[in-house]
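All letters in the sequence shown, in the order written, are residues 0 to 290 by numbering that gives the first Met the number 0. The next block holds one structure in the form of structure tokens; read it before the comments.
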Amino acid sequence: MRWPGLVLGLLMLAACSRAPGPGVGRRDGDATQTRLVVLSPALAVILRDLGAGGMVVGRHNYDMVFPELPACGQQGSIDYERVLALEPTDVLIEWGSRPLPEKLLKLGEANSWQVRRFDLRTLEDISLACTQLQGLYAPDRPGPTLREQFEASLFVRPGIERAGRVLLLGAVDPPTVLGPGSFHAQVLERIGGVPAVTEGGPWIELGLEDVLTLAPDAIVLVMPRAGGAGAGAVGGEVVKMLGAMSRLRLEAIERGRVALLDGALYHTPSTAMAEFADDLAEVLERWADSP
0 MRWPGLVLGL LMLAACSRAP GPGVGRRDGD ATQTRLVVLS PALAVILRDL
50 GAGGMVVGRH NYDMVFPELP ACGQQGSIDY ERVLALEPTD VLIEWGSRPL
100 PEKLLKLGEA NSWQVRRFDL RTLEDISLAC TQLQGLYAPD RPGPTLREQF
150 EASLFVRPGI ERAGRVLLLG AVDPPTVLGP GSFHAQVLER IGGVPAVTEG
200 GPWIELGLED VLTLAPDAIV LVMPRAGGAG AGAVGGEVVK MLGAMSRLRL
250 EAIERGRVAL LDGALYHTPS TAMAEFADDL AEVLERWADS P
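Encoded structure:
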């Protein structure tokens, strides 16, 4: 059966023969201007913060900053017909080190798209993306670069280490640590906090006995939700969210040193981590200054 190749050929033929038209998602302006399909919620955040959001015409299915634009799929299930209809000049994708989809590359070549791949796992990756995207799409942006602004937000807060060893959790059933190598843990260390977990990967599942053994001085849940307040709640209200962990004899629980950070973008490796850093610091400084 040669159906996949035939379908791809028909898509490419249709794209090459289609006369330019208004297109779903077209922003106001000249038809020759830069038009971005952004298949990454994190890259969309950075473009928004650069002031380049007006160039974006298509988004990732889970994008939260351009909800009015057409969704074009996600990693592993790109809606190629939708992308073609939007007539992009550039397709930006967060993909890591894996080979890009052959179909994306072939369509990109046939339609003269610039297909740009980004790997966003660490704070350094985020900073590099700020530099690259500003150079490409906002070179005349006045003032400090976005990278400079982002990195300036990650400054050490004096005395914050007095809050003690902090357990960052991305889930509670089972307890799942945002561990070393994760951009969340890197933020904690950059602002001067002390991580309770110093070995392992960026996503570590624990048992209840493991949590008891760690005996953290403070617990911070990072659980984004639509309309989240950032520093969502602190103390007893959050202890109830810990599930089985709430019954453990831990100083963090007994002293109410448990907080929820629920900003909607707090799991996107993007410039949203600047706001995350501020909210995390606010909570830890409060605990550091209390007896």
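All C-beta atoms, glycine included, are put in the ideal place defined by N, C-alpha and C.
Inset, instruction - Mind reading off the beta-carbon distance from residue 86 to residue 34? Whole number of angstroms is fine, and I expect it under 8 Å. - result: The residue labelled residue 86 in the question sits at position 87 within the sequence shown. The residue labelled residue 34 in the question sits at position 35 within the sequence shown. With a Cβ gap of about 6 Å, residue 86 and residue 34 count as contacting.
Inset, instruction - Identify whether residue 99 lies in helix, strand or coil by the three-state DSSP scheme. - result: Locating residue 99 in the sequence shown gives position 100, counting from the first residue. In the structure shown, residue 99 sits in coil (DSSP, three-state: anything other than H, G, I, E or B).
Legend entry - Assigned exposure category for residue 20 - 16 Cβ within 10 Å defines buried: As a working note, residue 20 is residue 21 in the sequence shown. Confidence at residue 20 is low in this model, with a pLDDT of 33, below 50, so its placement is unreliable and the value that follows should be read with caution. Looking at its Cβ environment, which holds fewer than 16 other Cβ atoms inside 10 Å, residue 20 is exposed.
Legend entry - Range of the contiguous alpha helix (DSSP H) that encloses residue 223: Indexing the sequence shown from 1 puts residue 223 at position 224. Unbroken run through residue 223: none, as it is neither H nor E.
Inset, instruction - May I ask you to verify whether the segment 168–188 touches the segment 238–248, counting CB pairs closer than 8 Å and requiring at least 3? - result: yes
Legend entry - Bridge-paired residues (DSSP) for residue 57: The count along the sequence shown starts at 1 and reaches residue 57 at position 58. Partner(s): 36.
Inset, instruction - Would you kindly report the start and end of the unbroken alpha helix (DSSP H) that includes residue 286? - result: Residue 286 sits at position 287 when you count from the first residue of the sequence shown. Taken as a continuous stretch (DSSP letters only), the alpha helix (DSSP H) holding residue 286 covers 271–287.
Inset, instruction - Report back the beta-carbon spacing between residue 151 and residue 283 to the nearest angstrom; my notes put them in contact at under 8 Å. - result: Against the sequence shown, residue 151 aligns to sequence position 152. Against the sequence shown, residue 283 aligns to sequence position 284. Not quite, the Cβ-Cβ distance comes to about 19 Å (not below 8 Å), so this is no contact.
Inset, instruction - Find out if the Cβ-Cβ distance for the pair residue 41, residue 223 is shorter than 8 Å. - result: Counted from its first residue, the sequence shown places residue 41 at position 42. Counted from its first residue, the sequence shown places residue 223 at position 224. Cβ atoms of residue 41 and residue 223: not closer than 8 Å.
Inset, instruction - Confirm the yes/no value for this check: CB of residue 193, any heavy atom of the ligand NAD, distance under 7 Å. - result: For the ligand NAD, the structure offers nothing, since it holds no ligand at all.
Legend entry - Proximity below 8 Å, CB of residue 220 to CB of residue 168: On the sequence shown, position 221 is the one that residue 220 refers to. On the sequence shown, position 169 is the one that residue 168 refers to. For residue 220 and residue 168, yes; Cβs fall inside 8 Å.
Inset, instruction - Compute the Euclidean distance between the alpha carbons of residue 49 and residue 131, then round it to the nearest angstrom. - result: Position 50 of the sequence shown, counted from the first residue, corresponds to residue 49. Position 132 of the sequence shown, counted from the first residue, corresponds to residue 131. Rounded to whole angstroms, residue 49 to residue 131 spans 11 Å at the Cα level.
Inset, instruction - Within 10 angstroms of the Cβ of residue 32, are there 16 or more other Cβ atoms? Answer buried if so, exposed if not. - result: Counted from its first residue, the sequence shown places residue 32 at position 33. Residue 32 should be labelled exposed.
Legend entry - Length of the line joining the Cα atoms of residue 197 and residue 217: Taking the first residue of the sequence shown as position 1, residue 197 is located at position 198. Taking the first residue of the sequence shown as position 1, residue 217 is located at position 218. Distance between the alpha carbons of residue 197 and residue 217 is about 15 Å.
Legend entry - Bridge partners - residue 194, DSSP secondary structure assignment: For this step, residue 194 is matched to residue 195 along the sequence shown. Beta-bridge pairing links residue 194 to 165.
Legend entry - Distance between residue 109 and residue 176 (C-alpha atoms, nearest Å): By one-based count along the sequence shown, residue 176 stands at place 177. By one-based count along the sequence shown, residue 109 stands at place 110. About 44 Å.
Inset, instruction - Rounded to whole angstroms, what's the CA-CA distance from residue 25 to residue 233? Just pull it up for me. - result: Position 26 of the sequence shown, counting from 1, holds the residue named residue 25. Position 234 of the sequence shown, counting from 1, holds the residue named residue 233. With a pLDDT of only 38 at residue 25, under the threshold of 50, the placement of this residue in the model should not be trusted, and no figure is reported.
Inset, instruction - May I have the straight-line CA-CA distance separating residue 270 from residue 200, to the nearest angstrom? - result: What you label residue 270 is simply residue 271 of the sequence shown in a count that begins at 1. What you label residue 200 is simply residue 201 of the sequence shown in a count that begins at 1. So the two alpha carbons sit approximately 22 Å from each other.
Inset, instruction - Starting from the C-beta of residue 140, find all residues in its chain whose C-beta is less than 7 Å away, skip the five residues before and the five after it, and write them out in chain order. - result: One-based indexing of the sequence shown puts residue 140 at position 141. If we look at residue 140 and ignore the five residues flanking it on each side, its Cβ neighbours are 49, 50, 133.
Inset, instruction - Could you spell out where the alpha helix (DSSP H) holding residue 252 opens and where it closes? - result: Working through the sequence shown from its first residue, we reach residue 252 at position 253. Run containing residue 252: 250–253, per the alpha helix (DSSP H) assignment.
Inset, instruction - Put residue 131 into one of helix, strand or coil per three-state DSSP. - result: Your numbering for residue 131 matches position 132 in the sequence shown. Residue 131 carries a helical assignment under DSSP once its states are collapsed to helix, strand and coil.
Legend entry - Reduced DSSP secondary structure (H/G/I, E/B, other) of residue 50: Counting from one through the sequence shown, the residue named residue 50 turns up at place 51. Three-state DSSP puts residue 50 in coil, outside helix and strand.
Inset, instruction - Compute the Euclidean distance between the alpha carbons of residue 126 and residue 120, then round it to the nearest angstrom. - result: Sequence index remark: in the sequence shown, residue 126 carries index 127 (1-based). Sequence index remark: in the sequence shown, residue 120 carries index 121 (1-based). Roughly 11 Å separates the two Cα atoms.
Legend entry - DSSP state of residue 185 mapped onto helix, strand, coil: By one-based count along the sequence shown, residue 185 stands at place 186. The answer is helix: DSSP assigns residue 185 an H, G or I state.
Legend entry - Distance between residue 164 and residue 291 (C-alpha atoms, nearest Å): Coverage of the chain is limited to positions 0 through 290, which leaves residue 291 absent and any answer about it impossible.
Inset, instruction - Could you tell me which of 93, 281, 36, 79 sits nearest to residue 229, measuring between CA atoms? - result: For this step, residue 229 is matched to residue 230 along the sequence shown. Measuring from the Cα of residue 229, the nearest candidate turns out to be 281.
Legend entry - Backbone CA spacing between residue 153 and residue 97 [nearest angstrom]: Translated into the one-based positions of the sequence shown, residue 153 becomes position 154. Translated into the one-based positions of the sequence shown, residue 97 becomes position 98. If you take the alpha carbons of residue 153 and residue 97, they lie about 30 Å apart.
Legend entry - Spatially closest choice to residue 45 from 92, 100, 155, by CA coordinates: Walking along the sequence shown from the start, residue 45 turns up at place 46. Closest by alpha carbon: 92.
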